[in-house]
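*Asks:* First to last, the sequence lines map onto chains A and B. Position 93, counted from 1, in the first sequence is what the working numbering calls 93; the numbers after and before it change by one each time, with no gaps. Position 124, counted from 1, in the second sequence is what the working numbering calls 1124; the numbers after and before it change by one each time, with no gaps. Just so you know, even glycine gets a beta-carbon here, dropped at the ideal spot from N, CA and C. Mind looking over this structure? Questions follow.
2 protein chains.
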Amino acid sequence: MIEPTESNPLKVILADDHEIVRAGIRRLLSIDRRLKIIDEAENGQDLVDTVSYHKPDIVISDIMMPKLNGIDALKKIRELKLDCYVIMLTAYEDSFHLENALEAGADGYLSKDINAKELIEAILDVIKGERVFSKSVVRLVKKKSANSSELDATPVVITKREQEILDLVAKGKTSQYIAEKLFISVRTVESHRYNLMQKLDVSNVAELIRYSILKRTSS
Amino acid sequence: MIEPTESNPLKVILADDHEIVRAGIRRLLSIDRRLKIIDEAENGQDLVDTVSYHKPDIVISDIMMPKLNGIDALKKIRELKLDCYVIMLTAYEDSFHLENALEAGADGYLSKDINAKELIEAILDVIKGERVFSKSVVRLVKKKSANSSELDATPVVITKREQEILDLVAKGKTSQYIAEKLFISVRTVESHRYNLMQKLDVSNVAELIRYSILKRTSS
DNA sequence: TATTGATTAAGTAGTACTACTTAATTTTTA
DNA sequence: TAAAAATTAAGTAGTACTACTTAATCAATA
Chain A
1 MIEPTESNPL KVILADDHEI VRAGIRRLLS IDRRLKIIDE AENGQDLVDT
51 VSYHKPDIVI SDIMMPKLNG IDALKKIREL KLDCYVIMLT AYEDSFHLEN
101 ALEAGADGYL SKDINAKELI EAILDVIKGE RVFSKSVVRL VKKKSANSSE
151 LDATPVVITK REQEILDLVA KGKTSQYIAE KLFISVRTVE SHRYNLMQKL
201 DVSNVAELIR YSILKRTSS
Chain B
1001 MIEPTESNPL KVILADDHEI VRAGIRRLLS IDRRLKIIDE AENGQDLVDT
1051 VSYHKPDIVI SDIMMPKLNG IDALKKIREL KLDCYVIMLT AYEDSFHLEN
1101 ALEAGADGYL SKDINAKELI EAILDVIKGE RVFSKSVVRL VKKKSANSSE
1151 LDATPVVITK REQEILDLVA KGKTSQYIAE KLFISVRTVE SHRYNLMQKL
1201 DVSNVAELIR YSILKRTSS
């Protein structure tokens, strides 16, 4: 990719199901004339279609979207060998989504907290072939790469029992309730909760729920 | 509606995005020959379409579905004056969804924990013109109708600040973190959390998040 | 059958959340 | 500008969750 210029700008496609978010990104990117948003998509299916049609240089996509989520859309884009860089822009700063995104072939994984300057820099870096992560995500990457030599890709395996407990936790049930329902000790439930959080690299029920709800939406 | 019989069974349509759930309901209803499932839908849009086409006697629908959620689908069904009873079958036992469902014109609101006998009875009751709620939901209804004479319909209003805090809570942020981010006291954040839970009639962060995520999916 | 993985459970300790009240200050609106 | 609503904040107390460890039992499988 040659250096983008005002007369030969980067072709960008945005994907997010919320008009507000798209408007926000449009706004952020509007300050740099080297970037041109050529189309937008409000779900993963639209995204795959518009990427096929427009052949953009770069895609900036949300993860949680109706019809087809961002990660599955990314997989399709890679399958179809549509040559473009893809940055996931998301509210989920956990290693579960990060890993899925990387595995699917994302070139970047940025938090929605990002500002204009950072986003534009990230795009330009990605175009140069680099991978970008927002600061808040770096620590997850570090943690992972410290444990593994290069690409460990240890898949997160949630057992049947854990899934059962996760579902109840996500419904707002207390450990006490879950214990009674499943005829096990409160301490056992707590163990499962703890193990789940370890596996998913989160530290509270809120993030646990995001995982459980998103997983359902994505599959 | 005349009494359904084996030779003249009730026409039922199911809507749920998960094949597993539909299969489960099919199973539950299969024991009563007076009920016949004539079609299924896996999202709200499909549901509206199939109801328009098939004119069923009764619809049993999930709330959280892609494309169009169950409540919005119900609204459309009512708008289109498609004459049928609608029971929401859901995992969300909170007054937020209950109220939305009732407001949209639901004839029943049942928990997914229901068993075959209860479900069949509920359907037959609804056909007689009654409204049905599963036990776990009754307490919510009671609470509401105690305060209000008949139809209070006090809308739940979440202030800007509360929304801001809800979003952070839903991201898994602690009160400590939120306080620092918004330059307010931890106790203030806790007050907002408490008020939010009161307004939404829930008692922990898990249910709070369901609300916040679902609200986003539904609007 | 020996090993691995799943499930169970408890110890210990700290942190965060939840419940409910009261009330002062802003801000908004009638 | 007075009244209402929103935001702030703290008191008090209890409950639930989170962190990390160790370990027994059971089931599957190599």
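Could you run through the segment 2-28 of chain A and flag, in chain order, every residue whose CB is less than 7 Å away from some CB of chain B?
*Replies:* Hits within the stretch: zero.
*Asks:* What does a CB cutoff of less than 6 Å around PRO1004 of chain B pick up in its chain, not counting 5 residues either side in sequence?
*Replies:* Closer than 6 Å at the Cβ level, and outside the excluded window around PRO1004 of chain B, lie LEU1010, ARG1034.
*Asks:* Can you find a C-beta in chain A that's less than 8 Å from the C-beta of VAL1157 of chain B?
*Replies:* no
*Asks:* List in chain order: all unbroken beta strand (DSSP E) runs of 3+ residues lying wholly within the segment 11-58 of chain A.
*Replies:* Fully enclosed beta strand (DSSP E) runs of no fewer than 3 residues occupy 35-41 of the segment 11-58 of chain A, in order along the chain.
*Asks:* Under 8 Å between the Cβ atoms of ILE1060 of chain B and LEU1124 of chain B?
*Replies:* no
*Asks:* Cα separation between LEU1098 of chain B and ILE1158 of chain B?
*Replies:* Straight across, the Cα-Cα distance linking LEU1098 of chain B with ILE1158 of chain B is about 17 Å.
*Asks:* Pull up the distance between the alpha-carbon of VAL1189 of chain B and that of ALA1170 of chain B, whole angstroms please.
*Replies:* 13 Å
*Asks:* So, using beta-carbon positions, are ASP1062 of chain B and ASP1016 of chain B closer together than 8 Å?
*Replies:* yes
*Asks:* On a CA-only basis, which of B:ILE1114, B:CYS1084, B:GLU1164 is nearest GLY1129 of chain B? Give me that one, please.
*Replies:* B:CYS1084
*Asks:* Take ILE38 of chain A as the anchor and find which of A:HIS18, A:LYS67, A:ASN8 has the nearest alpha-carbon.
*Replies:* A:ASN8
*Asks:* Measure the alpha-carbon distance for SER1175 of chain B versus LYS1181 of chain B and round it to whole angstroms.
*Replies:* 10 Å
*Asks:* Return the chain-ordered ranges of every alpha helix (DSSP H) run that is complete within the segment 1153-1218 of chain B and spans a minimum of 4 residues.
*Replies:* Runs of the alpha helix (DSSP H) inside the segment 1153-1218 of chain B: 1160-1170, 1175-1182, 1186-1200, 1205-1218.
*Asks:* Could you confirm whether any beta carbon from chain A is found closer than 8 Å to the beta carbon of ILE1227 of chain B?
*Replies:* This structure leaves residue 1227 of chain B out entirely; chain B is present only between 1001 and 1219.
*Asks:* Does the Cβ of ALA153 of chain A have 16 or more other Cβ atoms within 10 Å, making it buried, or fewer, making it exposed?
*Replies:* Per-residue confidence for ALA153 of chain A stands at a pLDDT of 38, beneath the threshold of 50, marking its modelled position as unreliable; no derived number is given.
*Asks:* What's the C-alpha gap between ALA206 of chain A and ASN195 of chain A?
*Replies:* 15 Å
*Asks:* Does chain A have any CB closer than 8 Å to the CB of LYS1144 of chain B?
*Replies:* With a pLDDT of only 45 at LYS1144 of chain B, under 50, the local geometry of the prediction cannot be trusted, and the value read off the model is given with reservation. By this cut-off, LYS1144 of chain B is not an interface position.
*Asks:* List in chain order: all unbroken alpha helix (DSSP H) runs of 4+ residues lying wholly within the segment 66-127 of chain A.
*Replies:* 70-79, 95-104, 116-127
*Asks:* What is the rounded straight-line gap between the Cα of ASN76 of chain A and the Cα of TYR1109 of chain B?
*Replies:* A quick correction: the sequence has Lys, not Asn, at residue 76 of chain A. Taking the straight line joining both Cα atoms gives about 38 Å.
*Asks:* Give a yes or no on whether the minimum CB-CB distance between VAL1186 of chain B and chain A is below 8 Å.
*Replies:* no
*Asks:* Is there a C-beta anywhere in chain A that falls below 8 Å from the one on THR1066 of chain B?
*Replies:* The amino acid occupying residue 1066 of chain B in the given sequence is Pro; Thr does not appear at that position. Output row for PRO1066 of chain B: interface = yes.
*Asks:* Residues in the same chain with beta-carbon distance under 7 Å from ALA122 of chain A, minus the five sequence neighbours each way, listed in chain order, please.
*Replies:* Correct list, in chain order: ILE87, GLY108, LEU110, VAL132.
*Asks:* In three-state terms, what does DSSP make of ILE60 of chain A?
*Replies:* strand
*Asks:* Hey, does ASN1069 of chain B have any beta-carbon neighbour from chain A nearer than 8 Å?
*Replies:* no
*Asks:* Residues in its own chain within less than 8 Å of ILE1031 of chain B by CB, not counting five upstream and five downstream?
*Replies:* ALA1116, ILE1120
*Asks:* Please check the pair ASN69 of chain A and GLY105 of chain A, which I expect to be a contact at CB under 8 Å, by giving their CB distance rounded to whole angstroms.
*Replies:* Contact doesn't hold; Cβ gap of about 15 Å is too wide.
*Asks:* Please list the partners that VAL48 of chain A has in chain B, where partner means a Cβ-to-Cβ separation under 8 Å.
*Replies:* Residues of chain B passing the Cβ test: none, with the nearest at roughly 16 Å.
*Asks:* Return the chain-ordered list of same chain residues with a C-beta closer than 8 Å to the C-beta of VAL1012 of chain B, the five sequence neighbours on each side being excluded.
*Replies:* Excluding its 5 nearest sequence neighbours in each direction, VAL1012 of chain B has C-beta neighbours in its own chain below 8 Å: LEU1029, LEU1035, LYS1036, ILE1037, ILE1038, PRO1056, ASP1057, ILE1058, VAL1059, ILE1060, ILE1123, listed in chain order.
*Asks:* Is there at least one Cβ from chain B nearer than 8 Å to VAL189 of chain A's Cβ?
*Replies:* no
*Asks:* Of all the CB atoms in chain A, is at least one closer than 8 Å to the CB of VAL947 of chain B?
*Replies:* Any question about residue 947 of chain B goes unanswered here, given that chain B covers just 1001 to 1219.
*Asks:* Does the Cβ-Cβ distance between ARG22 of chain A and GLU40 of chain A come in under 8 Å?
*Replies:* Contact: yes.
*Asks:* As a quick exercise: from B:ILE1184, B:HIS1192, B:LEU1166, B:ALA1101, pick the residue whose alpha carbon is nearest that of LEU1074 of chain B.
*Replies:* Nearest in C-alpha terms to LEU1074 of chain B, of all of B:ILE1184, B:HIS1192, B:LEU1166, B:ALA1101, is B:ALA1101.
*Asks:* If you measure between the beta carbons of ILE995 of chain B and ILE165 of chain A, is that distance less than 8 Å?
*Replies:* The structure shown does not extend to residue 995 of chain B, since chain B spans only 1001 to 1219, so no value can be given for it.
*Asks:* Identify whether GLY1129 of chain B lies in helix, strand or coil by the three-state DSSP scheme.
*Replies:* Note: GLY1129 of chain B maps to coil in three-state DSSP.
*Asks:* Within its chain, find whatever has a CB closer than 7 Å to the CB of LYS81 of chain A; leave out the 5 residues flanking it on each side and keep chain order.
*Replies:* none
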